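S.K.: Residue numbers (this note's numbering): 920 to 1312.
The beta carbon of each residue, even a glycine, is placed where N, CA and C say it ideally should be.
Note that the structure is predicted; figures quoted are calculated from it, not measured.
#1: Check whether the segment 1170–1181 touches the segment 1023–1031, taking contact to mean three or more Cβ pairs, one atom from each stretch, closer than 8 Å.
#2: Does residue 1225 come out as helix, strand or coil in the three-state DSSP assignment?
#3: Taking the CB atoms as reference points, tell me whether residue 922 and residue 1106 lie closer together than 9 Å.
#4: Restricting to runs no shorter than 3 residues, where is the beta strand (DSSP E) found entirely within the segment 926–1013?
#5: Might you give, ordered along the chain, the residues of its own chain that have their beta carbon closer than 7 Å to the beta carbon of residue 1003, omitting 5 neighbours on each side?
#6: So, are the CB atoms of residue 1114 and residue 1123 less than 9 Å apart?
#7: Indicate whether at least one CB of chain B lies closer than 9 Å to the CB of residue 1029.
#8: Could you compute how far the alpha carbon of residue 1111 sits from the alpha carbon of residue 990?
#9: Note down the Cα distance separating residue 1171 from residue 1198, rounded to an integer number of angstroms.
#10: Under a Cβ-count criterion, where at least 16 other Cβ atoms within 10 Å of its own Cβ denotes burial, should residue 1141 be classed as buried or exposed?
#11: Taking residue 1138 as part of the beta strand (DSSP E), name the residues at either end of that continuous run.
#12: If you compare alpha carbons, which of 1305, 1304 and 1258 is closest to residue 1293?
#13: Based on Cα-Cα distance, which residue from 1232, 1229 and 1288 lies nearest to residue 1256?
#14: How big is the Cα-Cα spacing for residue 1226 and residue 958?
#15: Given this structure, state the Cα-to-Cα distance separating residue 1281 from residue 1266, to the nearest angstrom.
#16: Note down, in chain order, each residue of its chain lying with its Cβ closer than 8 Å to the Cβ of residue 1083, except the 5 sequence neighbours on either side.
#17: Under a three-way DSSP split, which group does residue 1035 fall into?
#18: Within a Cβ cutoff of 6 Å, which residues of the same chain sit near residue 1096, ignoring the five residues on either side of it in sequence?
#19: Put residue 1095 into one of helix, strand or coil per three-state DSSP.
#20: What does a CB cutoff of less than 7 Å around residue 1262 pick up in its chain, not counting 5 residues either side in sequence?
#21: Using only alpha-carbon positions, find the residue among 1291, 1279, 1295 and 1283 that is nearest to residue 1075.
#22: How about the segment 1184–1191 and the segment 1033–1040: do they share at least three Cβ pairs that are nearer than 8 Å?
#23: Starting from residue 1212, trace the alpha helix (DSSP H) in both directions and tell me its first and last residue.
#24: Do residue 1305 and residue 1245 have their beta-carbon atoms positioned less than 9 Å apart in this structure?
#25: Need the endpoints of the beta strand (DSSP E) that residue 1199 sits in, please.
#26: Based on the DSSP secondary-structure assignment, which residues constitute the bridge partners of residue 1262?
#27: Return helix, strand or coil for residue 1249, following the three-state DSSP convention.
#28: State the start and end residues of the unbroken beta strand (DSSP E) segment that holds residue 1064.
#29: Taking the C-alpha atoms as reference points, what is the distance between residue 1201 and residue 978?
#30: Please classify residue 1055: does DSSP put it in a helix, a strand, or coil?
#31: According to the neighbour-count rule (16 or more other Cβ atoms, all chains shown, within 10 Å of its Cβ), is residue 1012 buried or exposed?
#32: For the ligand PLP, any of its heavy atoms closer than 8 Å to the Cβ of residue 1300?
#33: Grouping DSSP H, G and I as helix and E and B as strand, with all else coil, what is residue 1022?
#34: Kindly indicate which three-state DSSP category residue 1239 falls into: helix, strand or coil?
#35: Among 1274, 1230, 1260 and 1296, which residue has its Cα nearest to the Cα of residue 1309?
#36: Count the other C-beta atoms from every protein chain shown that fall within 10 angstroms of the C-beta of residue 1077, then say buried if there are 16 or more, exposed otherwise.
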């Protein structure tokens, strides 16, 4: 089954009672068990049925089966947010006294989780520049349990060689490789094919695609997913609600065709910005000027729809651009059908110190752009008119 067909049909069944064409929303907290014997079975690990929606419900399960198929993994568990997915995977893998490695450029809240929350529970970490896989090898310790990859990274779109890093990580027994595939999406990259053991997503972004939900998913082996579901999802309560799961399933029906347009528009916008006199630098892996271009060509089918740009005129120049665009919405988040723009230093990466941001090329004059599905000529015209208002550049 080819990708476009799989997106629409994989994992989706027909409701046996109503034969409804679209899956129903199972808006219930609990389920009637046929007898006491079923109640006994319901509390055993791996039980395939449903008994309480905090652990599993039909809407979540159908969505998760579809996402596992798209990411080429055995199973998946959907949850209440992308950070919820990262937290589930991390808590499943790490205990007090363990060590893990992650890249120097990651989403701001991921950075906060890894550097401020997990250390409270006795978990150690090392931050490395993952563009050099050997840096990962040098950071390995006997107690290393996880290597965490985000590629392309948020917000500078640094791409890392998943296969090279996975090979290094797996050279030491007991290490699990986790990849955040939110920016690339399974349309462009399947990390599991490249050696990643676990794949996480913020479903809030492209997989839903319409800005209507906050949700996440963990994809991996049946054993790993089940251990994420119970005890972690079950006891932490980060369950996706049925309506949110249903909305993501509806968004997935158009995922492939949306991504085609997203990526096509993004390349044209990136090329325009790279040639504009009011722009210092564009961070987009589809451009030959991007340091990660060759890696992106090797492991991505196309280059995604996210980019950042350093605007001339400093922070004032960036503010002028954001205040004067008419089509681009000034908002956090990304991956929606409409184009968005944000200031990473004070929005997605506000939790990092200025020194830490600047060290990884997140500068005060940097904007992040999520290119949507509008006519690209309108997007370019909008950016051009806003950039023309920048003075002293």
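M.R.: On the basis of the supplied data:
#1: no
#2: If you number the chain shown from 1, residue 1225 lands on position 306. Strand, per DSSP.
#3: The residue labelled residue 922 in the question sits at position 3 within the chain shown. The residue labelled residue 1106 in the question sits at position 187 within the chain shown. Cβ distance < 9 Å, so residue 922 and residue 1106 count as in contact.
#4: 994–998
#5: In the chain shown, residue 1003 corresponds to position 84, counting from 1. So the list reads 1135 and 1157, once near-sequence residues are dropped.
#6: What you label residue 1114 is simply residue 195 of the chain shown in a count that begins at 1. What you label residue 1123 is simply residue 204 of the chain shown in a count that begins at 1. No, the pair does not count as a contact, with Cβ atoms beyond the cut-off.
#7: Given the protein chain composition of this structure (a single chain), no chain B is represented.
#8: Taking the chain shown and counting its residues from 1, one reaches residue 1111 at position 192. Taking the chain shown and counting its residues from 1, one reaches residue 990 at position 71. Their backbone Cα atoms lie some 7 Å apart in a straight line.
#9: As a first step, residue 1171 must be located in the chain shown, where it is residue number 252. As a first step, residue 1198 must be located in the chain shown, where it is residue number 279. The alpha-carbon atoms of residue 1171 and residue 1198 are separated by roughly 35 Å.
#10: As a working note, residue 1141 is residue 222 in the chain shown. So residue 1141 counts as exposed.
#11: For the purposes of this step, residue 1138 is taken as the residue at position 219 of the chain shown. Segment 1135–1139, the beta strand (DSSP E) holding residue 1138.
#12: Start at 1 with the first residue of the chain shown, and residue 1293 comes out as number 374. The shortest C-alpha separation from residue 1293 is found at 1258.
#13: The residue you call residue 1256 lines up with position 337 of the chain shown. Measuring from the Cα of residue 1256, the nearest candidate turns out to be 1288.
#14: Here the question's residue 1226 lines up with position 307 in the chain shown. Here the question's residue 958 lines up with position 39 in the chain shown. About 51 Å.
#15: Counting from one through the chain shown, the residue named residue 1281 turns up at place 362. Counting from one through the chain shown, the residue named residue 1266 turns up at place 347. Each residue's alpha carbon lies about 12 Å from the other.
#16: As a working mapping, residue 1083 is identified with position 164 in the chain shown. These residues qualify, in order along the chain: 1052.
#17: The sequence position of residue 1035 within the chain shown is 116, counting from 1. Correct three-state label for residue 1035: helix.
#18: Sequence index remark: in the chain shown, residue 1096 carries index 177 (1-based). Excluding residues within five positions, the ones whose Cβ falls inside 6 Å are 1066, 1085, 1088, 1115 and 1116.
#19: Along the chain shown, one-based indexing puts residue 1095 at 176. Residue 1095 falls in the strand class under three-state DSSP.
#20: Position 343 of the chain shown holds residue 1262. So the qualifying residues of the chain are 1237, 1241 and 1286.
#21: Position 156 of the chain shown, counted from the first residue, corresponds to residue 1075. Per the Cα distances, 1279.
#22: no
#23: Mapped onto the chain shown, residue 1212 falls at position 293. Segment 1212–1218, the alpha helix (DSSP H) holding residue 1212.
#24: The count along the chain shown starts at 1 and reaches residue 1245 at position 326. The count along the chain shown starts at 1 and reaches residue 1305 at position 386. Going by C-beta atoms, residue 1245 is nearer than 9 Å to residue 1305.
#25: Taking the chain shown and counting its residues from 1, one reaches residue 1199 at position 280. Per DSSP, residue 1199 belongs to the beta strand (DSSP E) from 1198–1202.
#26: Counting from 1 along the chain shown, the entry for residue 1262 is found at position 343. In DSSP, residue 1262 forms a bridge with 1286.
#27: As a first step, residue 1249 must be located in the chain shown, where it is residue number 330. Reduced to three states, the DSSP call for residue 1249 is strand.
#28: Counting from one through the chain shown, the residue named residue 1064 turns up at place 145. Segment 1063–1069, the beta strand (DSSP E) holding residue 1064.
#29: As a first step, residue 1201 must be located in the chain shown, where it is residue number 282. As a first step, residue 978 must be located in the chain shown, where it is residue number 59. Between residue 1201 and residue 978, the C-alpha separation is close to 40 Å.
#30: Against the chain shown, residue 1055 aligns to sequence position 136. If DSSP states are grouped into helix, strand and coil, residue 1055 belongs with the helices.
#31: By one-based count along the chain shown, residue 1012 stands at place 93. Result: buried.
#32: The ligand PLP is not among the ligands present in this structure, which contains no ligands whatsoever.
#33: Along the chain shown, read from residue 1 onward, the residue named residue 1022 stands at position 103. Residue 1022: strand per DSSP, three-state reduction.
#34: Residue mapping note: residue 1239 aligns to position 320 of the chain shown, counting from 1. The answer is helix: DSSP assigns residue 1239 an H, G or I state.
#35: Here residue 1309 refers to the residue found at position 390 of the chain shown. Comparing Cα positions, the closest option is 1230.
#36: Indexing the chain shown from 1 puts residue 1077 at position 158. That one is buried.
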